[in-house]
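Residues in the sequence shown are numbered consecutively from 207, following the working numbering.
Even glycine gets a Cβ: it sits at the ideal position worked out from N, Cα and C.
Each remark here refers to the structure printed beneath this line.
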Amino acid sequence: ALAIADLVPVVGLRDDVALVALQSAIVPDELHLTLPAEPKTLSHVRRVLRRWLNERGAGEGDIAEMTIAVSEACANAIEHAYAPSPATFELHGWANDGEITLTVRDDGHWRPPRGHNRGRGLSIIVAAMDDVQIDRTADATEVVMRRYITRK
Numbered sequence: 207a208l209a210i211a212d213l214v215p216v217v218g219l220r221d222d223v224a225l226v227a228l229q230s231a232i233v234p235d236e237l238h239l240t241l242p243a244e245p246k247t248l249s250h251v252r253r254v255l256r257r258w259l260n261e262r263g264a265g266e267g268d269i270a271e272m273t274i275a276v277s278e279a280c281a282n283a284i285e286h287a288y289a290p291s292p293a294t295f296e297l298h299g300w301a302n303d304g305e306i307t308l309t310v311r312d313d314g315h316w317r318p319p320r321g322h323n324r325g326r327g328l329s330i331i332v333a334a335m336d337d338v339q340i341d342r343t344a345d346a347t348e349v350v351m352r353r354y355i356t357r358k
């Protein structure tokens with residue numbers, strides 16, 4: 207405030223001037239998140255992922271499709287990996303020469319779907335990505351998704 211006061215004369219101004227300084231948060235080269243396994247987490251995942259993908263140079267179509275795929279993988283980790291109790295899952299992402307790799311990993315055990323007419327998440331993930339690998343062990347599930355992006 208004192209720096210601005212020194213720049214602006216006390217009298218003789220005909221108009222008001224506003225000085226606004228913004229500092230955007232730095233978007234890391236690699237994405238590493240550990241998140242609560244709760245449905246309300248999905249909106250945060252989508253928001254962070256869109257911004258991260260945008261900073262990697264992905265176009266709008268790529269961002270939309272990868273966000274849907276990752277959201278589905280996260281929803282599967284939330285719904286199928288854990289009994290109703292506090293738990294977490296991880297989302298990692300990195301870019302290499304136009305290829306985006308995103309992984310969703312949980313430390314739970316597979317549980318069957320709740321209700322009928324379910325189970326479309328994996329087909330959505332496969333349709334949205336260029337390559338999908340699922341590694342299930344007794345202790346964890348990791349979904350690795352890859353897609354080559356169209357630069358904006």
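What are the boundary residues of the beta strand (DSSP E) that Val233 is part of?
Per DSSP, Val233 belongs to no beta strand (DSSP E) and is neither H nor E.
Output the boundary residues of the alpha helix (DSSP H) element that contains Glu278.
Glu266 to His286
Hey, Arg330 and Ile274 are a contact pair by Cβ (cut 8 Å); roughly how many whole angstroms apart?
Checking the sequence shown, residue 330 turns out to be Ile, not Arg. Yes, they are in contact, since the Cβ atoms of Ile330 and Ile274 sit about 6 Å apart, within 8 Å.
Contact between the region 306-316 and the region 339-358: three or more CB pairs below 8 Å?
Contact annotation: the region 306-316 touches the region 339-358, with at least three C-beta pairs closer than 8 Å.
Check whether the region 265-272 and the region 235-249 are in contact - that is, three or more C-beta pairs closer than 8 Å.
no
For Asp235 and Pro292, the rounded distance between their alpha carbons:
29 Å
When the Cα of Thr247 is compared with those of Ala333, Val276, Glu271 and Leu259, which residue comes out closest?
Val276
Does DSSP put Ala301 in a helix, in a strand, or in coil?
strand
Distance CB(Glu278)-CB(Gly314) smaller than 8 Å:
No, Cβ-Cβ distance for Glu278 and Gly314 is not below 8 Å.
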